[in-house]
Structure formats: structure tokens, C-alpha cells
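Visitor:
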Amino acid sequence: HHPHQHLVCSGCGEMRDVRLAGDPMRALPEGERFGFTVSEVTVTYYGRCPACGGGDLREAPAAD
2 HHPHQHLVCS
12 GCGEMRDVRL
22 AGDPMRALPE
32 GERFGFTVSE
42 VTVTYYGRCP
52 ACGGGDLREA
62 PAAD
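If you want our numbering, it's the 1-based position in the sequence shown plus 1.
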């Protein structure tokens, strides 16, 4: 099992596995851990797939 993150379409729910460069466990600096011992990391990106009208969403309203 290789560490991976997810890309999820907020329209249809399609999910893809993606792999980030680097180690996400090391991305959180010690000073931001507040004494926690981190055991796992979950990263999920949300957007729209091409079938649901992907493209430039920078002007879309933020989700609540």
C-alpha cells in the first residue's frame, strides 16, 4: 500500500488517487503539532471533473 491522497469531484463524487511529491507526514512543522504525535495524514482535494464542467473554478463561491 503506497501513501496517496484523493481528488474528489464535488459534482458527481468521482474519486481519483493522487500522489504528492515529498512526505506529507513531514509537511506539518513541529511547531504546529501542539504536542501531538502524528500517526497518519489524510489529504483530499475537491473540485469538478471534466464531465461535470471542470475548468477554472477560481471565481466559484467558497463552500460553507
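Ideal Cβ placement from N, Cα and C applies to all residues, glycine included.
(1) Closest by CA to G23, which one among V9, S40 and H5?
(2) Taking the alpha-carbon of T43 as reference, which of G32, D18, G55 and E33 has the nearest alpha-carbon?
(3) Return helix, strand or coil for R49, following the three-state DSSP convention.
(4) Tell me which residues share the same chain as E31 and place their Cβ nearer than 6 Å to its Cβ, disregarding the 5 neighbours each side in the sequence.
Guide: Quick look at the numbers:
(1) H5
(2) D18
(3) coil
(4) none
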